[in-house]
Amino acid sequence: MNVSLRGVSRVSCVLLAAGKSSRMSGKNKLLLPFGGQTLVRRTAMEVLNINFEEMIAVTGHEADSISAQLKDLPLKVVLNQEFDAGMHSSIRTGLSHLRKYHDGFFICHSDQPELDSVMLKDMIRVFEEHEGKNIVYLSCQGKTSQPILIPREFAPEILQYPDGDYGCSYLLNKYSQRLAPLEVKEEMYLRDLDTPEDLSIISLAQHG
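Using this note's numbering, the letters of the sequence shown correspond one by one to residues 17 to 224.
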């Protein structure tokens with residue numbers, strides 16, 4: 017992938033780490049080991065390879081344990097006390113704590129083991145090619161996935177949107193003329209970890 021950037025856009029990031037892992041048979045998926053680290057720490061460190069204006073990590077379920085994995089990293093950890101209301105409440109919590117000026121912001125999920133900073137840099141490149149006006153997301157053979165890079169102008173609408181267990185895909189449906197998908201060839205970039213079966217598939221892919 018081409019990772020060269022013009023460096024003209026100011027981009028912040030909200031990293032979601034508040035979920036209850038309800039489909040993981042009692043385990044908190046973000047605390048599972050990946051490459052000698054927990055999944056949440058591995059994801060945070062990979063995302064921090066980008067020189068963001070600001071990065072907010074949102075905790076909720078088992079907040080103390082998640083925060084302990086992030087405490088020495090250059091990001092701000094905030095608690096979503098309403099995490100039971102679903103993912104969108106964590107997105108709102110993260111956005112409400114962004115303080116520095118930015119042209120756009122990422123919504124990233126901590127449960128994507130194959131998320132990498134090269135892909136994020138390519139998303140920023142596409143964002144800049146569209147002058148920071150379009151929503152950038154991943155697409156592979158018609159499937160869409162997180163992370164998503166959203167222009168700053170959409171923040172007020174997100175903050176007013178009702179909470180539920182969903183992300184910002186409603187923006188893709190509503191603003192079809194403001195989309196800039198980044199096409200990826202491999203579905204690995206779209207994988208997230210939800211169930212024990214997902215864990216087996218991802219582990220097999222990583223270790224052959």
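In this text, a Cβ means the ideal position worked out from N, Cα and C, and glycines have one as well.
Given a threshold of 16 other Cβ atoms within 10 Å of its Cβ, counted over all protein chains shown, does residue i qualify as buried or as exposed?
i, result
"Asp-88", "exposed"
"Lys-45", "buried"
"Glu-145", "exposed"
"Tyr-153", "buried"
"Arg-115", "exposed"
"Pro-178", "exposed"
"Ser-105", "buried"
"Asn-67", "exposed"
"Gly-35", "buried"
"Val-30", "buried"
"Asp-138", "buried"
"Gln-128", "buried"
"Asn-65", "exposed"
"Asn-96", "buried"
"Gly-76", "buried"
"Leu-220", "Below a pLDDT of 50, predicted positions are generally treated as unreliable, and Leu-220, at 36, falls in that range; no measurement from the model is reported."
"Leu-175", "exposed"
"Leu-32", "buried"
Along the chain, where does the beta strand (DSSP E) that runs through residue i open and close?
i, result
"Gly-120", "120-125"
"Ile-151", "151-156"
"Lys-190", "Here Lys-190 belongs to no beta strand (DSSP E); instead the alpha helix (DSSP H) covers 185-190."
"Leu-95", "92-95"
Less than 8 angstroms separating the beta-carbons of residue i and residue j?
i, j, result
"Leu-165", "Phe-122", "yes"
"Pro-167", "Gly-148", "yes"
"Ser-126", "Glu-70", "no"
"Ser-81", "Val-93", "no"
"Thr-109", "Val-74", "yes"
"Gly-158", "Ser-25", "no"
"Ile-151", "Leu-187", "yes"
"Glu-199", "Ser-155", "yes"
Determine which residues share a DSSP beta bridge with residue i and list them.
i, result
"Ala-33", "Thr-75"
"Thr-54", "Pro-49"
"Glu-199", "Ser-155"
"Ser-28", "Phe-121"
I need the boundaries of the alpha helix (DSSP H) containing residue i, first residue and last residue.
i, result
"Glu-130", "Premise fails: Glu-130 is in no alpha helix (DSSP H) and is neither H nor E."
"Ala-171", "171-176"
"Leu-165", "Segment 159-167 is the beta strand (DSSP E) holding Leu-165; no alpha helix (DSSP H) there."
"Arg-194", "Looking at the DSSP string, Arg-194 is not in any alpha helix (DSSP H), and its letter there is neither H nor E."
"His-104", "103-112"
4 or more residues per run - each alpha helix (DSSP H) lying fully within the segment 64-88
79-86
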